[in-house]
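Protein chains in written order, with my numbering: chain A, 1 to 334; chain B, 1001 to 1333.
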């Protein structure tokens, strides 16, 4: 399994996110447009990612996972908070700084069918980062490096001469990973990299990512909603709900001893592949919907669905506090 | 397209073709397989050759009048003569010669305007759609203003001030026709810029000109080609309208559009005046259509490979049938 290599070089995180908030302007409402609509996509999110570490970011659709990842990459304007990369603040990086940072930070996309330009050959796709950053002058120079990258991600070396449509989903995702690796980055945001893939292929791609991590000491922010995959690859896991991190803990603590009621409900929704055990299990259900991000409730975001809700939850939002060593949760009552 | 199995890195690298003449040869081979495309290319080439060598192949001077032979019918009528194979117009000018010479102006104006207006319009549309914000607002308001202004009036003003000539006609028609490219490109860009592969290009660190011309534009080829063909036919007729008003081609020069416009008055007495240049326009547009649909096909790698597979399947079937034929014992025949 994984995670044995999980040694925390405690002092200097590669990526540090402090109280990150991302608010989107959604226009104006009301007859005279007097009321501004603001989508609270991400609010007061903090976490660190250490070199060689994978942080799994889990949450349902619309919980702000992808927005968090894109904010780190400088693709979404940050409203509040700070982002540090290798100790340097990159919160409001300009265009040129983002371009420079793209040598060290890359993105792996969710949909391998849409993230490769259908009119470019694989060699052009994988060599593009090298070209635009001036590492090579032309495709011919890049050919050797591209072949090496393709071999690294387990594609036949002659794949470079073909177009994306000639490949399966898993192979395309490998091309996407090769493109992300071309500039030898230190940090990769993987935005649901396996959720569009066939179940039989997922393990291959996840294992590939782990191999690459141990080979190059990469750090991942692994965004997903498949808890089994996240458990397999992550060292630590952050659970997001409606723009907040509700629990952030070491992998085994999250799965064996979850604290936050939302985490517990989420984990109880994962079926166990053993019918008698599955039948005997108690499902924790939380009826209702996540709050409207346009108008989030004051206090705890989870109050509308929480079985343990009290007046405190309605009055004030809880912050992440230490529960066990390596486990923090944001809840008043647990 | 043919990739034999390569197992080592060196073979794979050797397999990557970078030279442009290789791809050109490949293109020729593929054109031979695509019959409609081949017909289109042959038609266009012969039309262009006809225009270039017009003085050498036309039987008469296109502006020579022969009032004794006014409105002579084509040769297959009783009154027709071999002297004027396709008849003469109301001034006794040879219709065949005029059609051959008219190709010069019509093809030149059509091509030049489509290239100028298309090029400018597409670049504007790309920038408006991708950069958004103020650039978008500025370009779109500019287009709105120009669309609202009557095109013919603008043409009349410019032509009246500068004076009619072939270049002015091209400029005027381009000024009049680029907006449609701009609008269409912008709307297509708006949807393509949301696609993950454009985001991937941004994350990788591409600057915007590269994203526009390397990632977005190639994926717009089919709608743009279709629009360009439609516009070509419209431009040939628009040139006719200008010439008819006396602001385009000046007699004794001629164009297909001008001939159609002037022949209109004699439509019931002499149908050939309208029909012959009209047919020439139709054949040109048809040929461009054929070429464009072939271009659309080969600009899409997936379609191109399908085409190749279809061809190979055909070849294999033929070989198989031939082999079966050979294997047949002679006594069975």
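Each residue gets a CB set at the ideal place from its N, CA and C atoms; glycine is no exception.
Rounded to the nearest angstrom, the Cβ distance from residue 1205/B to residue 99/A is 5 Å, consistent with a contact under 8 Å. Between residue 1075/B and chain A, the shortest Cβ-Cβ separation is not below 7 Å. Secondary structure at residue 136/A: coil, using DSSP grouped into helix, strand and coil. Taking all protein chains in view, the Cβ of residue 128/A is crowded by 16 or more other Cβ atoms within 10 Å, so the residue is classified as buried.
Under the Cβ distance rule, residue 107/A counts among the residues neighbouring chain B, one pair being separated by less than 7 Å. Contact fails between the region 78-87 of chain A and the region 241-252 of chain A, because fewer than three Cβ pairs, one in each stretch, are under 8 Å apart. By the 16-neighbour rule on beta-carbons within 10 angstroms, residue 1149/B is exposed. Per DSSP, residue 1263/B is one residue of the alpha helix (DSSP H) stretching across 1256-1263.
Nearest to residue 1231/B by alpha-carbon distance, out of 1327/B, 1189/B, 1174/B, is 1174/B.
Sixteen is the threshold: when 16 or more other Cβ atoms of the shown chains lie within 10 Å of the Cβ of residue 171/A, as they do, the residue is buried. Where residue 1191/B is concerned, the enclosing alpha helix (DSSP H) starts and stops at 1166-1192.
Taking 8 Å as the upper bound for CB-CB distance, residue 270/A and residue 227/A are in contact here, some 5 Å apart. Here the region 1290-1307 of chain B makes contact with the region 1030-1044 of chain B; the two share three or more CB pairs at distances below 8 Å. Contact between residue 1196/B and residue 111/A holds, with the beta-carbon distance rounding to 6 Å and staying under 8 Å.
Under the three-pair Cβ rule at 8 Å, the region 1109-1124 of chain B counts as touching the region 1175-1193 of chain B. As DSSP reads the structure, residue 220/A sits in a beta bridge with 54/A, 188/A. CA-CA distance, residue 1027/B to residue 121/A, rounds to 17 Å. In this structure, residue 164/A sits away from residue 208/A, with a CB-CB distance that is not shorter than 7 Å.
Residues of the same chain with a CB within less than 8 Å of the CB of residue 160/A, apart from the 5 flanking positions on each side, are 121, 122, 123, 126, 143, 146, 147, 150 in chain order. Contact check between the region 1267-1286 of chain B and the region 1094-1103 of chain B: three or more CB pairs, one atom from each, fall below 8 Å, which counts as touching. Counting C-beta pairs with one atom in each stretch, the region 1134-1149 of chain B and the region 1086-1097 of chain B have fewer than three that are closer than 8 Å, which means they do not touch. Pairing residue 1218/B with residue 1188/B gives a Cβ-Cβ distance that is not under 7 Å. Your pair residue 73/A and residue 107/A checks out as a contact, with CB atoms roughly 6 Å apart and the cut at 8 Å. Residue 1210/B reaches chain A at 132, counting residues in chain order whose Cβ is nearer than 7 Å. Cβ-Cβ distances below 7 Å link residue 326/A to 249, 250, 253 in the same chain, with the five nearest sequence neighbours on each side left out; the list follows chain order.
Contact note: residue 111/A reaches chain B through 1196, using a C-beta cutoff of 7 Å and chain order. Annotated as proximal: residue 1248/B and residue 1169/B, with beta-carbon spacing under 7 Å. Interface residue (Cβ-Cβ distance to chain B less than 7 Å): residue 168/A is not classified as such.
By the C-beta density criterion, residue 1243/B is buried, having at least 16 other C-beta atoms within 10 angstroms. Between residue 329/A and residue 259/A a beta carbon distance of about 4 Å is seen, short of the 8 Å cut, so the two are scored as contacting.
Out of 262/A, 71/A, 183/A, 276/A, the CA that lies nearest to the CA of residue 45/A is found in 71/A. About 7 Å separates the Cβ atoms of residue 1216/B and residue 1193/B, confirming a contact at the 8 Å cut-off. DSSP lists 40/A as the bridge partner or partners of residue 23/A. Bounds of the alpha helix (DSSP H) holding residue 69/A are 65-72. 1235/B is the residue among 1235/B, 1259/B, 1269/B, 1055/B whose C-alpha sits nearest the C-alpha of residue 1113/B.
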